[in-house]
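Residue numbering for the sequence shown follows this note's numbering, beginning at -18 and increasing consecutively.
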Amino acid sequence: MEINFYILRHGETVYNTEKRMQGWSDSPLTEKGEKKASQLGESLKNFRFDAVFTSDLGRAVKTSELIMEKNHYPAPFFTEQGLREWGLGSLEGTVSYVSVITAALDRCKDSSNTRNFLENFAISARERDASKKAETYEKARDRIMSTMKGAAFTAEKNSWKDILVVTHGMAILTILNEITGDDMAGKVIPNLTLLKIVYKDGYFSYEGEHPAPLA
């Protein structure tokens, strides 16, 4: 059975406009973020999602609600801690993500460093985290991918074909890194970007950015 996962980053938040790291802290959607999410929902209103899996953080939940309230086909909601953004400890809400990205890219330039960009990002964040609670890349990866596999198992069990997943920028980069092997150096997933991933025979494959409305 082939399952289509439509992976969506939440709408724009206040912290996004201020370039602050969010992690597990929450920041409300801006007026623009809500409006754009509703517009995306309108463009998707005739597409039947069999289920919606969303991060339990408020910005993702609100985005999924704004999209699905426009949809003509009710779908069950699953709110998942495992789809949260990377946990970033004391950096959340206080530090610009630009400084951590820059530090990670500098690490990648070191020829003796064999780690990928996301691993270096995690190391750079943990070095700056006074609370020592920021997740390692491995911990975030295992949490996110385990949740994705659990969603695939639930979809298979219920014969669901089309699933909407609402999550976060670094979480999406982690999924893409694991599927494609691309280290995602310096890449950013814009708010409300919709990507398609297919699950078949126990494996995920990436099909690229998917423009709305879906066909």
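We put the CB at the ideal spot given by N, CA and C, even for glycine.
- Within the region 69 to 136, no complete beta strand (DSSP E) segment of 3 residues or longer occurs.
- A direct Cα-to-Cα measurement between HIS149 and ILE125 gives close to 11 Å.
- Counting the other Cβ atoms within 10 Å of the Cβ of ASP87 gives fewer than 16, which makes it exposed.
- GLY14 and ASN172 do touch by the CB rule: their CB atoms are close to 7 Å apart, below 8 Å.
- A Cβ-Cβ separation of about 6 Å places LYS17 in contact with GLY(-8) under the 8 Å criterion.
- In this structure, DSSP gives VAL147 an extended state, which the three-state scheme calls strand.
- Taking each of VAL147, ILE144, TYR187 and LEU176 in turn and checking the Cα distance to GLY162, the smallest one comes out for TYR187.
- Short of 6 Å from the beta carbon of SER112, and not among the five residues preceding or following it, lie these beta carbons of its own chain, in chain order: GLY70 and SER71.
- If you look at ILE48, you'll find it in the alpha helix (DSSP H) that goes 39 to 49.
- For the set THR83, GLU100 and LYS130, the Cα lying nearest the Cα of GLY183 is the one of LYS130.
- A Cβ-Cβ contact shorter than 9 Å links VAL146 with ILE(-12).
- In the structure shown, LYS16 falls within a helical segment according to DSSP collapsed to helix, strand and coil.
- Judged by their CB atoms, VAL81 and PHE98 are not nearer to each other than the 9 Å cut-off.
- The C-alpha of LEU47 is placed about 5 Å away from the C-alpha of SER19.
- In the structure shown, ILE156 adopts helical secondary structure according to DSSP, grouped into three states.
- Counting only runs of at least 4 residues, the region -17 to 16 fully encloses the following alpha helix (DSSP H) elements, listed from N- to C-terminal order: -5 to -2.
- The DSSP-derived three-state label of LEU173 is coil.
- By the Cβ-count criterion, GLY68 is buried, with 16 or more other Cβ atoms from all chains shown falling within 10 Å of its own Cβ.
- The three-state reading of DSSP puts GLY22 in helix, counting H, G and I together.
- Annotation: ALA56 is outside any beta strand (DSSP E) and is labelled neither H nor E by DSSP.
- Contact annotation: TRP141 and ASP37 have beta-carbon atoms that are not nearer than 9 Å.
- Apart from the 5 residues on each side of it in sequence, ALA106 sits with its Cβ closer than 7 Å to the Cβ of LEU69, LEU72, VAL81 and ALA115 in its chain, given in chain order.
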